Every structure is written in structure tokens, then in C-alpha cells.
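What follows is a set of notes on a single structure, which appears directly below.
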DNA sequence: CGGATACTTAAGTAGGTGCTTAACCAAGTG
DNA sequence: CACTTGGTTAAGCACCTACTTAAGTATCCG
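Chains as they are written, first to last, in the working numbering: chain A, 1 to 86; chain B, 1 to 86.
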């Protein structure tokens, strides 16, 4: 869903179409995405248009990178352990 | 729990002690760890001794590394997108 | 106005996870 | 042998997630 939105803005039903899911289910996903700040939505007339927030994506990127690096150091320690054993 | 086991073998109740959990709960965790091949256990008398399987740990390491690299490439593409926007 | 479209709200449900308690069995100990 | 210890089995429960259906509301179009 986020992937779809990075390709450009979309309405709720456009998002739902390729997603074998009912419309309310899509809206629920959208609500958590909006609450997290990752996407912003705006209702014009009766259609709600959604798009990602680049800065939030940057933050998410940073967050993931941090976790990754802690895992990398864990794996390094794991390596040390495995070398001890062999 | 795995962390504890990398420090050396342990019995079920030794594993349970620092883990505010009932014994059956610990055994359940142990069952999935053993089913996954990550630990091996052996019962002698009435005590079951558990230890990690180094080669499985290696496999897990490799698995994680693979996921990490796919995420890295995803993040690279994300970077490209963000640069387009700014 | 009347109907179709684009959501929205509310309520409920299936399935899964991570425990728990209770009852049990088998191995060691005095 | 009786008691304790270490583990096992079975059943069940609380909570959560990811949906669903049904019934609305609001806008647009002819």
C-alpha cells in the first residue's frame, strides 16, 4: 500500500482495487498510516486523496537503519561465538 | 533464552528461573526452538539439557543477512524517490 | 429530485499468540 | 517405600489483529 503510494497519490478506492480487501479494511490501514504520520490524506468532495509524507519516510528509513546496525553488531558477536566453537 | 543458551547448556528449570514464566511456558518456547532446529535437547534421568546448534545459528545468521540486504536495496530505492521529491 | 458513487461508522467474528492452572508421571533421595 | 524434584500433558483463557458485513452519510450527476 505504501509502495503504491510512493508511485503517486491515490484515492481510497484506487488503493483498495488491487488489494483483495473490503473498503473499510483499507480505511483502517490508512488510519494507522495517517496516525503514524507516514501518509497524509485530504478529502475533496467525496473522494479522499492519499499521499506519503517524504520526511516521515526519511525518519522510517533512519529507524530501520538503526535497528539494522544493532543487528549487525549482534551478528558479529554471534560470529565470534561460532568461531570459538569450531 | 537463546542468548542464555549461547553462554552454555542449561536445564529447563535453569532456563525458566530468570524468566518470570511458568515451566510449561518455557517448554513451549523450547519446543518451537527445537522444531526449528535452533536448539537440541536431551533428557538424562529426569533433567532435560538444552544447547544451541551452532550450524543452525549460522543459517539463521545467513537468513537475517539476506533480509537485511534486500531491505538495504529497498532503502536505496527509497532514497532515490526522496531525492526526486526534494 | 433521484439515483449512483465514494466513502464512513459500528459492530461483530475468526484465528492466532502467549501465556496460565491443574493434574500427572517418572527419577532421584532419605 | 514415601516424599520431593524435574518435567510433561491437556485444557483453557485473555488479548490482539485483521478482517467482515450492514447500515449509514455526503457528494455528484443527469
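Beta carbons: idealized from backbone N, C-alpha and C, even for Gly. Quick caveat, the model's predicted, so the values are computed rather than measured.
(Q) Once DSSP output is grouped into helix, strand and coil, what is the label at residue 58 (chain B)? (A) Taking the first residue of the second chain as position 1, residue 58 (chain B) is located at position 58. DSSP, read as helix, strand or coil, puts residue 58 (chain B) in helix.
Q. Residues of chain B with a CB under 8 Å from the CB of residue 71 (chain A): which are they?
A. Along the first chain, read from residue 1 onward, the residue named residue 71 (chain A) stands at position 71. Neighbours of residue 71 (chain A) on chain B, chain order: 64 and 68.
Q: Tell whether a beta-carbon distance below 8 Å holds between residue 23 (chain B) and residue 1 (chain B).
A: Within the second chain, the letter at position 23 stands for residue 23 (chain B). Within the second chain, the letter at position 1 stands for residue 1 (chain B). No; because the gap between Cβ atoms is not below 8 Å, this pair is not in contact.
(Q) Taking the alpha helix (DSSP H) that residue 20 (chain A) belongs to, which residues open and close that run? (A) Translated into the one-based positions of the first chain, residue 20 (chain A) becomes position 20. Neither: residue 20 (chain A) is in no alpha helix (DSSP H) and is coded neither H nor E.
(Q) Looking at residue 58 (chain A): is its Cβ nearer than 8 Å to the Cβ of residue 51 (chain A)? (A) In the first chain, residue 58 (chain A) corresponds to position 58, counting from 1. In the first chain, residue 51 (chain A) corresponds to position 51, counting from 1. Between residue 58 (chain A) and residue 51 (chain A), the gap from beta carbon to beta carbon reaches 8 Å or more.
Q: Starting from residue 40 (chain B), follow the alpha helix (DSSP H) in both directions and report where the run begins and ends.
A: Mapped onto the second chain, residue 40 (chain B) falls at position 40. From DSSP, residue 40 (chain B) is part of no alpha helix (DSSP H) but of the beta strand (DSSP E) over 39 to 44.
Q. Apart from the five residues on each side of it in sequence, which residues of its chain come closer than 6 Å, Cβ to Cβ, to residue 56 (chain A)?
A. Along the first chain, one-based indexing puts residue 56 (chain A) at 56. Cβ neighbours of residue 56 (chain A) beyond the five flanking positions: 37 and 38.
Q) Can you find a CB in chain A that lies within less than 8 Å of the CB of residue 42 (chain B)? A) As a position in the second chain, residue 42 (chain B) is number 42, starting the count at 1. With 8 Å as the cut-off, residue 42 (chain B) does not count as an interface residue toward chain A.
Q: Have a look at residue 60 (chain A) and residue 31 (chain A) and give me their C-alpha separation to the nearest angstrom.
A: By one-based count along the first chain, residue 60 (chain A) stands at place 60. By one-based count along the first chain, residue 31 (chain A) stands at place 31. Cα-Cα distance, rounded: 17 Å.
Q.
Considering just the uninterrupted stretch of the beta strand (DSSP E) at residue 52 (chain A), what are its terminal residues?
A. On the first chain, position 52 is the one that residue 52 (chain A) refers to. Run containing residue 52 (chain A): 47 to 52, per the beta strand (DSSP E) assignment.
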